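Visitor:
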């Protein structure tokens, strides 16, 4: 691998994806002698860790999705392009993207940063996606909100007790952080928020199932915290079903192991698969993606054989680095530091090392678990820390303040006020 | 007309529509010996006067659309039904509605309150609705936001200057308060908010046209205020075209009088037509709706020949009462007072009289016009009053606070942060 030639102003960096990795890479290049083009299909960054709160009516979509143009407006060397990447020419160093104007655009690059994230992984059962949507985009969250709140509305009117009970059954597949947080929120909706809102149904009778093939919730956590999270979930009324693989999903039921559970609302939080752009690039570079479709990258986060191509976030497979937001941010910063060093002919930074500052997952009011630098936290302290960390990392001071207002009211009134059931959104 | 028999607890009031009229009627019946069923297709009330701010990225949809169930949660005698009214049996005193559960429900009533509002009126040109959406629902606002912000995004990428200029042309048809406020906001977006966000296009070159067949903007206002509003709009860069009827709309242009103006974004704010339920009821009651499809009602707001049926808000035609939110609120309160008096055999209230507390329309930062009790206001005082009045009437303290935060930031930063361009929403 020969080093990239030190650049001049005019060194073109194309970043694909405005998630944590792409956005932190772009910001990390502020003031450097490069031209940054950030390409995204959507016009907004998305604070994915709070997406489940949009799905459960705690927050409004705009509150966790600042426009990319606003975030980068003061950065003179960065431009945003709303476009769908269709091809990547590794040999010719150019990205082809279908723009929001309908035309194809060819974007030549000197350095490419691939950070297009991941989609929901149905592990060979893509036919389940309609009946068990994943939670990866604003449209997903809005659709899941429509289903959850709509199920309570339909149950209120439904005369048949068998159908009513299916409507009041909610199944979350996957007991990682997203699944745990979502199941906890649905349980809180049913037990604390909605009981007084409905006349005919007892929303506290709703069943919330959290299902996973693995033997523990929050797989990567210390066993004691996993146990505590499972206990907290059960205290909230969530039925935690472990070592229970999902065998089938249809519009009327989920089959868990051998049992058919009638339900109208299933959310798939069981796994992710890297953006299809990873497979495209893998084919061209002659490398093999991992099981999650991710591209194996070296300790400098570049594609093997292509020092000018960085692969970050959920598209990258790096030993010992989990698929979490802080890792994506750190990768973004590292790539920016590498690019800066190259173009200014400065010493390169040390190889990428993920700094685990800790993990936190909230289960409900006053309930959370986390591990910070070897310290295990649970209950109220973990919950307060969770709130503080998420407010801090939310992009934009205005959104922080608005989310703080909403959380304060949710806490004080046990209400959820972002509950518009919108028309069906075409996803994709 | 014989008086309605004084009721007992159990007197069934069915209210169709959770807008200002229906919601104020429901609230006015709190504590009265009646059973209230509020039927709406949507699960939320909608603060329509601020809908244009959702369309222009100043506010998020949930912030002006509190769930009906939350608003009425403490009112023990009121239930909310999410259902689409399909038939009204005036003789048999029952409403048939298709519930969110998919079934038909028959709702017998002792008193019916019709407050289903209005749709956009294309005056015989319904074929224009796809290319010139109206602004009546959350879905409309989200779609218009998608078109406005999407046009800037497409223009940024568009190589053809002729197409680019069409993309940067925005036409608002109808110079009533909604049209004036929307045109003002689009102009502010183009001139103050977006210039730094784009690289290739000069957003300040965008054209915003406000078109009306009438000779004045804000038709019902004092001529001096109309003139002032037109001047304020022009100062913001809006091209105000009066006595300019729209002759045609298609996907690529609007024809104004004889001139074909290429554009990709047209919003129709030219008129409303009462909900189709008005025509249904008119047919059954053997009365003639007015030109706007509204039902003429007596000074007690009841349907001629049907003292048990109230018609309120945009469905009702009452001499001297404009189609504005305060009138709908007052009608709702009046109907509630009538119903209470009847069921408790108390003296009936005086016939309905609209109390004009004034009108206000904002054009932009520091610019507004209004007339309050004969006093004409303009400029900064009118603008501050507009802000205060709208915050006061917004339903829900939390929403007031969130909207206050957003407005403060918009004011201080000249930004708009609720700018998610969502996927296409199926309206309907």
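Protein chains in written order, with this note's numbering: chain L, 1 to 428; chain H, 429 to 856.
Ideal placement from N, C-alpha and C gives every residue a C-beta, glycine not left out.
Just so we're clear, the structure is a prediction, and the values are computed from it rather than from any experiment.
#1: Rounded to a whole number of angstroms, what is the C-alpha to C-alpha distance between residue 85 (chain L) and residue 614 (chain H)?
#2: Where does residue 649 (chain H) land, buried or exposed, given buried means 16+ other C-beta within 10 angstroms?
#3: Taking the beta carbon of residue 812 (chain H) as the centre, do at least 16 other beta carbons fall within 10 Å, making it buried, or is it exposed?
#4: On the CB-based measure, 16 or more other CB atoms within 10 Å of its CB, does residue 112 (chain L) come out buried or exposed?
#5: Using a beta-carbon distance cut-off of less than 8 Å, what residues from the stretch 129-152 of chain L approach chain H?
#6: As a quick exercise: from L:276, L:234, L:306 and L:217, pick the residue whose alpha carbon is nearest that of residue 226 (chain L).
#7: List in chain order: all unbroken alpha helix (DSSP H) runs of 4+ residues lying wholly within the stretch 288-369 of chain L.
#8: By Cβ distance below 6 Å, which residues in the same chain neighbour residue 836 (chain H) in space, the five residues on each side in sequence not counted?
#9: Would you please verify whether the beta carbon of residue 536 (chain H) is less than 8 Å from any beta carbon of chain L?
#10: Going straight from the alpha carbon of residue 13 (chain L) to that of residue 114 (chain L), what length do you get?
#11: Taking its Cβ as the centre, do 16 or more other Cβ atoms sit within 10 Å of residue 146 (chain L), making it buried, or is it exposed?
#12: Mind checking which residues open and close the beta strand (DSSP E) that includes residue 402 (chain L)?
#13: Can the beta-carbon of residue 508 (chain H) be found less than 8 Å from the beta-carbon of residue 516 (chain H)?
#14: How about residue 171 (chain L) and residue 255 (chain L): do their beta carbons lie closer than 8 Å?
#15: Out of curiosity, what's the CA-to-CA distance linking residue 465 (chain H) and residue 193 (chain L)?
#16: Under 7 Å between beta-carbons, which chain H residues line up against residue 81 (chain L)? List them in chain order, please.
#17: Grab me the residues of residue 288 (chain L)'s own chain with a C-beta within less than 8 Å of its C-beta, minus the 5 sequence neighbours each way, in chain order.
#18: Less than 8 Å between the CB atoms is what I'm expecting for residue 269 (chain L) and residue 68 (chain L), so what's the real figure, rounded?
#19: Let me know the secondary structure DSSP gives residue 849 (chain H) once reduced to three states.
#20: Would the beta-carbon of residue 664 (chain H) fall within 8 Å of that of residue 616 (chain H)?
#21: Against residue 101 (chain L), what residues of chain H qualify as contacts under a CB-to-CB distance less than 7 Å, listed in chain order?
#22: For the stretch 441-522 of chain H, list the alpha helix (DSSP H) runs that are entirely contained and at least 4 residues long, ordered along the chain.
#23: Determine, using beta-carbon pairs with one atom in the stretch 465-480 of chain H and one in the stretch 439-457 of chain H, whether at least three such pairs fall under 8 Å.
#24: Report, in whole angstroms, the separation of the C-beta atoms of residue 718 (chain H) and residue 546 (chain H), which I expect to be a contact under 8 Å.
#25: To the nearest whole angstrom, what separates the beta carbons of residue 47 (chain L) and residue 395 (chain L), a pair I think is in contact under 8 Å?
#26: Just the chain H side, please: which residues come within less than 8 Å of residue 405 (chain L) by C-beta, in chain order?
#27: Between the stretch 737-754 of chain H and the stretch 580-594 of chain H, can you find at least three pairs of beta-carbon atoms closer than 8 Å?
#28: Beta-carbon of residue 505 (chain H) versus every beta-carbon of chain L: anything under 8 Å?
#29: Taking the alpha-carbon positions, what's the residue 780 (chain H) to residue 752 (chain H) distance?
#30: In chain order, which alpha helix (DSSP H) runs of at least 4 residues are fully inside the stretch 223-261 of chain L?
#31: From which residue to which residue does the beta strand (DSSP E) around residue 378 (chain L) run?
#32: Need the endpoints of the beta strand (DSSP E) that residue 700 (chain H) sits in, please.
#33: Residue 536 (chain H) by DSSP, collapsed to three states: which one?
#34: Quick one, are the C-beta atoms of residue 361 (chain L) and residue 374 (chain L) less than 8 Å apart?
#35: Residues of the stretch 411-422 of chain L in Cβ contact with chain H at a cutoff of 7 Å, in chain order, please.
#36: For a contact meaning CB atoms closer than 9 Å, what does residue 440 (chain L) contact in chain H?
Guide: Let me spell this out:
#1: 30 Å
#2: buried
#3: exposed
#4: buried
#5: 138, 139, 142, 149 and 150
#6: L:217
#7: Within the stretch 288-369 of chain L, the complete alpha helix (DSSP H) runs of at least 4 residues are 325-343.
#8: none
#9: Residue 536 (chain H) is outside the set of residues whose beta carbon lies under 8 Å from a beta carbon in chain L.
#10: One C-alpha to the other measures close to 11 Å.
#11: buried
#12: Premise fails: residue 402 (chain L) lies in the alpha helix (DSSP H), 397-413, not in any beta strand (DSSP E).
#13: Not in contact: residue 508 (chain H) and residue 516 (chain H) (Cβ atoms no closer than 8 Å).
#14: no
#15: Spanning the two alpha carbons is a distance of roughly 21 Å.
#16: 585
#17: 282 and 296
#18: So it is not a contact: roughly 26 Å between Cβ atoms.
#19: coil
#20: yes
#21: 582, 585 and 586
#22: Runs found: 448-456, 479-483 and 496-499.
#23: yes
#24: Rounded, the Cβ-Cβ distance is 12 Å, inconsistent with contact.
#25: 7 Å
#26: 826, 829, 830 and 833
#27: no
#28: no
#29: 16 Å
#30: 223-235
#31: 375-378
#32: Start and end: 700-702.
#33: strand
#34: no
#35: 415, 417, 418, 419, 420, 421 and 422
#36: One cannot answer for residue 440 (chain L) here, as it falls past the ends of chain L, which runs 1 to 428.
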